[in-house]
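Since the structure comes first, as structure tokens, the remarks are kept for the end.
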Amino acid sequence: MWYVVLLFIAVLPLIPGPLQSPFAQHVLVLTLLFACMSQAWNILGGYCGQVSFGHSVFFGIGAYGAGMAVVTYGLTPWPGAIIGALLAAIVSLIISYPCFRLKGHYFAIATFAIVEIFNRLFMVWYWVGGALGLDYPIIEEGWKNFMWFQTKTQYYYGAFGLFILIFSFVRWMEANKLGYYLKAVRDGQEAAEALGVNSTAVKLTAIAISAFLAALCGAFFVQYNLRVDPPMVMSLDMSMRFVLITILGGLGTFWGPLLGAAILIPLQEYSRAIWGGLGGGVDLIIFGILIVLIVTRQPKGVMGFINLLTTRFKATKGGDD
Numbered sequence: 001m002w003y004v005v006l007l008f009i010a011v012l013p014l015i016p017g018p019l020q021s022p023f024a025q026h027v028l029v030l031t032l033l034f035a036c037m038s039q040a041w042n043i044l045g046g047y048c049g050q051v052s053f054g055h056s057v058f059f060g061i062g063a064y065g066a067g068m069a070v071v072t073y074g075l076t077p078w079p080g081a082i083i084g085a086l087l088a089a090i091v092s093l094i095i096s097y098p099c100f101r102l103k104g105h106y107f108a109i110a111t112f113a114i115v116e117i118f119n120r121l122f123m124v125w126y127w128v129g130g131a132l133g134l135d136y137p138i139i140e141e142g143w144k145n146f147m148w149f150q151t152k153t154q155y156y157y158g159a160f161g162l163f164i165l166i167f168s169f170v171r172w173m174e175a176n177k178l179g180y181y182l183k184a185v186r187d188g189q190e191a192a193e194a195l196g197v198n199s200t201a202v203k204l205t206a207i208a209i210s211a212f213l214a215a216l217c218g219a220f221f222v223q224y225n226l227r228v229d230p231p232m233v234m235s236l237d238m239s240m241r242f243v244l245i246t247i248l249g250g251l252g253t254f255w256g257p258l259l260g261a262a263i264l265i266p267l268q269e270y271s272r273a274i275w276g277g278l279g280g281g282v283d284l285i286i287f288g289i290l291i292v293l294i295v296t297r298q299p300k301g302v303m304g305f306i307n308l309l310t311t312r313f314k315a316t317k318g319g320d321d
């Protein structure tokens, strides 16, 4: 299944027809990017059960890392992306250690506050461009600077590479000790500790990895948009998008973030394209209805529906035999 999906994604922009248009490829790029970001969040929120609304902070740190490397220091974005990702992991450990003393909705509320703090800090921090942000100069196209002006195909395959990195890690994690520890903490922290699991160390590991991968997504985002400012990346709206995409697709499941992004991102982009300013909120209305239906009918998201249908099909087939 994994290799079939990879092959399908690899050839998707090469299929003749509507997908060859620049706008369609733009939607494909964003779908892969938000699938990656939601999967990064899923490590902490889905597998470990620590629902965070502060991941846009790590996303933003990665974006500013790559952006400052290019705009401020005249470098390629690659060292900035790595430094930003490492810095995001360090920041996540610093701010999450005291927050993990809180449980349930108290932890979630604390992460709301963290987003607002960092948003205001970056708005007045002159070194990172303040409220005006950073605008990219016109520099040479190519993989060296990870920048193209005439095509989106390279951006798509850059997002595909990020997709392989993050989803391959999660696939490995599910089959190894780390994945079992995360699920144990999620399903019952006290029970996991009674069995010898250090829940604090497990949660700190999860948020550091999650923040590192989220920052890499932020670095891609700034290269794709060629500018960054605090409202673009460090906002509750951005954080909520990662959370809701994962819930829609299936919280704590491998394919959930991809399914959620494949539904939400095309819905969002095409509604804006079709209805323009009048359709600015149509996607949110439809998405809100979908979330209500998912939560009330199938809390495990789209993956829950798929698993249910698969189980019923197997049962019917077995009965026929």
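Residue numbers (full-length UniProt numbering): 1 to 321. Cβ atoms here follow ideal geometry from the backbone N, Cα and C, with glycine treated the same way.
| task | Classify His55 as buried or exposed, calling it buried when 16 or more other Cβ atoms lie within 10 Å of its own Cβ. | result | If you number the sequence shown from 1, residue 55 lands on position 55. With a threshold of 16 other beta carbon atoms within 10 Å, His55 meets it and is buried.
| What are the start and end residues of the alpha helix (DSSP H) that includes Gln25? | Residue numbering aside, residue 25 sits at position 25 when the sequence shown is read from its first letter. Under the DSSP assignment, Gln25 falls in the alpha helix (DSSP H) whose first and last residues are Pro22 to Asn42.
| said: Taking contact to mean 3 or more Cβ pairs, one atom from each stretch, closer than 8 Å, check whether the stretch 39 to 47 and the stretch 162 to 171 are in contact. | reply: yes
| request: Could you check the C-alpha separation between Trp255 and Val4 for me, to the nearest Å? | output: Here residue 255 is taken as the residue at index 255 of the sequence shown, counted from 1. Here residue 4 is taken as the residue at index 4 of the sequence shown, counted from 1. Rounded to whole angstroms, Trp255 to Val4 spans 13 Å at the Cα level.
| request: Would you mind stating whether Gly81 and Gly65 have Cβ atoms separated by less than 7 Å? | output: Looking up residue 81 in the sequence shown gives position 81. Looking up residue 65 in the sequence shown gives position 65. Reading off the sequence shown, one finds Ala at residue 81, where the question assumed Gly. Their beta carbons are under 7 Å apart, which means Ala81 touches Gly65 by this criterion.
| task | Kindly say whether Gly17, judged by its beta-carbon, lies nearer than 7 Å to any beta-carbon of chain C. | result | The question asks about chain C, but that chain is absent: this structure has only one protein chain.
| Run through DSSP, which three-state label would Asp229 get? | In the sequence shown, counting from the first residue as 1, residue 229 sits at position 229. If DSSP states are grouped into helix, strand and coil, Asp229 belongs with coil.
| task | Select from Ala63, Ile245 and Lys314 the residue whose C-alpha is nearest the C-alpha of Gly301. | result | One-based indexing of the sequence shown puts residue 301 at position 301. The residue with the shortest Cα to Cα distance from Gly301 is Ile245.
| request: Tell whether a beta-carbon distance below 7 Å holds between Leu258 and Ala63. | output: On the sequence shown, residue 258 is found 258 positions in, with the first residue counted as 1. On the sequence shown, residue 63 is found 63 positions in, with the first residue counted as 1. Result no, Cβ atoms of Leu258 and Ala63 do not sit closer than 7 Å.
| field | Extent of the continuous alpha helix (DSSP H) run through Glu193 | value | Numbered from 1 along the sequence shown, position 193 holds the residue referred to as residue 193. Gln189 to Ala194 is the span of the alpha helix (DSSP H), which, as asked, contains Glu193.
| message | Please state the DSSP three-state secondary structure of Leu264. | response | Here residue 264 is taken as the residue at index 264 of the sequence shown, counted from 1. Of the three classes helix, strand and coil, the one that applies to Leu264 here is helix, per DSSP.
| field | Cβ neighbour criterion (16 or more within 10 Å) applied to Arg312 | value | As a first step, residue 312 is located in the sequence shown; it is residue number 312 there, counting from the start. Arg312 is exposed by the Cβ-count criterion.
| field | DSSP-derived helix/strand/coil call for Gly301 | value | The residue given as residue 301 occupies position 301 in the sequence shown. The answer is helix: DSSP assigns Gly301 an H, G or I state.
| message | Within a Cβ cutoff of 8 Å, which residues of the same chain sit near Ala24, ignoring the five residues on either side of it in sequence? | response | Along the sequence shown, one-based indexing puts residue 24 at 24. Cβ neighbours of Ala24 beyond the five flanking positions: Pro18.
| field | N-terminal and C-terminal residue of the alpha helix (DSSP H) that Phe112 is part of | value | Reading the sequence shown from its first residue, position 112 is the one you call residue 112. Where Phe112 is concerned, the enclosing alpha helix (DSSP H) stretches over His105 to Val124.
| request: In angstroms with no decimal places, state the Cα-to-Cα distance between Gln20 and Ala201. | output: Residue numbering aside, residue 20 sits at position 20 when the sequence shown is read from its first letter. Residue numbering aside, residue 201 sits at position 201 when the sequence shown is read from its first letter. The alpha-carbon atoms of Gln20 and Ala201 are separated by roughly 47 Å.
| query | Within this structure, are the beta carbons of Ala265 and Thr31 separated by less than 7 Å? | reply | Taking the sequence shown and counting its residues from 1, the one referred to as residue 265 is at position 265. Taking the sequence shown and counting its residues from 1, the one referred to as residue 31 is at position 31. Reading off the sequence shown, one finds Ile at residue 265, where the question assumed Ala. Taking 7 Å as the Cβ cut-off, Ile265 and Thr31 qualify as a contacting pair.
| task | Give every residue of the same chain whose Cβ lies closer than 6 Å to the Cβ of Gly179, excluding the five residues on either side of it in the sequence, and list them in chain order. | result | In the sequence shown, residue 179 corresponds to position 179, counting from 1. The answer, listed in chain order, is Met173.
| task | Please report how far the alpha carbon of Gly218 lies from the alpha carbon of Ile294, in whole angstroms. | result | Here residue 218 refers to the residue found at position 218 when the sequence shown is read from its first residue. Here residue 294 refers to the residue found at position 294 when the sequence shown is read from its first residue. CA-CA distance, Gly218 to Ile294, rounds to 28 Å.
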